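Numbering-wise (the UniProt record's numbering), the sequence shown opens with residue 1 and increments by one.
Before any comments, here is the structure.
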Amino acid sequence: TIASMADIHLQLRPGTDGALALGMMNVIINEQLYDKEFVEKWTVGFGELKQLVQQYPPERVEQITRVPAAKVREAAILYATEKPAKIGMSANATTHCSNGVQNHRAIILLPALTGNFEVPGGNRCPPDPLPTNDISLHERIADLPPGLGSDRFPIWTKLYREMEANVLADRIESGNPYPIKALFGAGLNIMHFPNSN
Numbered sequence: 001t002i003a004s005m006a007d008i009h010l011q012l013r014p015g016t017d018g019a020l021a022l023g024m025m026n027v028i029i030n031e032q033l034y035d036k037e038f039v040e041k042w043t044v045g046f047g048e049l050k051q052l053v054q055q056y057p058p059e060r061v062e063q064i065t066r067v068p069a070a071k072v073r074e075a076a077i078l079y080a081t082e083k084p085a086k087i088g089m090s091a092n093a094t095t096h097c098s099n100g101v102q103n104h105r106a107i108i109l110l111p112a113l114t115g116n117f118e119v120p121g122g123n124r125c126p127p128d129p130l131p132t133n134d135i136s137l138h139e140r141i142a143d144l145p146p147g148l149g150s151d152r153f154p155i156w157t158k159l160y161r162e163m164e165a166n167v168l169a170d171r172i173e174s175g176n177p178y179p180i181k182a183l184f185g186a187g188l189n190i191m192h193f194p195n196s197n
């Protein structure tokens, strides 16, 4: 697995990614490892963030995430001091929970705090991202079956004409409401969950 190739593997409780990010920011800010020039020039609200992360020392983050405080510290220092650094984000595990948006909000602050935006090897912000519904062509095909997962997520599948990933494995196995014969994945790594049962 990818974890076996990592210098540090942070195996956290599902849904606690945001708390981990806040704990890492606690270390980065308190140990003065943040990119002061980048923060001053490109960010707003640093004072408020500094106050907020005081509530998330690594010891508290350990209680929330089950990641040992020493590893939270080690990961924060490694991320802040190795340049460039990138956080690969997707709409998988970090968003498939009740606080998914907040997880992403916290995680995306890390590259801003460390000056790892718009630098080679760092995180990038596409100037004009392509919405997925612009490439779906569903409005041109009149007799499409209902979107996969529309029974549980009717608004999502109606607006975006996308499958809800939470139901994919079950629907492949059951063939309900219809057999899955092909899958087009944009922004999706189908091998993200290898050897899943």
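Built from N, CA and C at the ideal position, the CB exists for glycine as well.
The structure displayed is predicted, hence computed values, not measured ones.
| request: Grab me the residues of Pro68's own chain with a C-beta within less than 8 Å of its C-beta, minus the 5 sequence neighbours each way, in chain order. | output: Result list for Pro68: Glu62, in chain order.
| said: Using 8 Å as the threshold, is the C-beta distance between Gln102 and Gly45 below it? | reply: Going by C-beta atoms, Gln102 is not nearer than 8 Å to Gly45.
| task | Check whether the Cβ atoms of Ala21 and Ile107 lie closer than 8 Å to each other. | result | yes
| query | Would you say Val72 touches the ligand GDP, meaning its beta carbon is less than 7 Å from a heavy atom? | reply | The ligand GDP is not among the ligands present in this structure, which contains no ligands whatsoever.
| query | When you compare only the Cα positions, how much space is there between Arg152 and Val53? | reply | 36 Å
| As assigned by DSSP and simplified to three states, the class of Phe46 | helix
| message | Tell me which residue opens and which closes the alpha helix (DSSP H) that Glu30 is part of. | response | The question names Glu, but residue 30 is Asn in the sequence shown. Run containing Asn30: Asp17 to Asn30, per the alpha helix (DSSP H) assignment.
| Which residues share a DSSP beta bridge with Asn123? | Note: Asn123 sits in a beta bridge opposite Phe117.
| message | Using only the alpha-carbon positions, how far apart do Asn123 and Ile87 sit? | response | 7 Å
| query | Would Lys36 be called buried (16 or more neighbouring beta carbons within 10 Å of its own) or exposed? | reply | With fewer than 16 Cβ atoms within 10 Å of its Cβ, Lys36 is classed as exposed.
| message | In the DSSP assignment, the alpha helix (DSSP H) including Lys71 goes from what residue to what residue? | response | Run containing Lys71: Ala69 to Thr81, per the alpha helix (DSSP H) assignment.
| said: To the nearest angstrom, how far is the alpha carbon of Ala182 from that of Ala169? | reply: 13 Å
| Straight-line gap, Tyr79 to Glu31 (C-alpha atoms, nearest Å) | One C-alpha to the other measures close to 13 Å.
| field | Local conformation of Leu168 per DSSP, three classes | value | Leu168 falls in the helix class under three-state DSSP.
| request: Report yes if the CB atom of Thr114 is closer than 8 Å to the CB atom of Tyr56, and no otherwise. | output: no
| query | Does DSSP classify Ser150 as helix, strand or coil? | reply | coil
| message | Just to confirm the assignment, what range does the alpha helix (DSSP H) spanning Ile107 have? | response | Gly100 to Ile107
| Alpha-carbon spacing of Ile155 relative to Pro146, whole angstroms | Whole-angstrom Cα-Cα distance: 12 Å.
| task | Could you tell me the boundaries of the alpha helix (DSSP H) in which Thr1 lies? | result | Taken as a continuous stretch (DSSP letters only), Thr1 belongs to no alpha helix (DSSP H), as it is neither H nor E.
| field | Pairwise C-alpha distance: Ser174 and Asp7 | value | 39 Å
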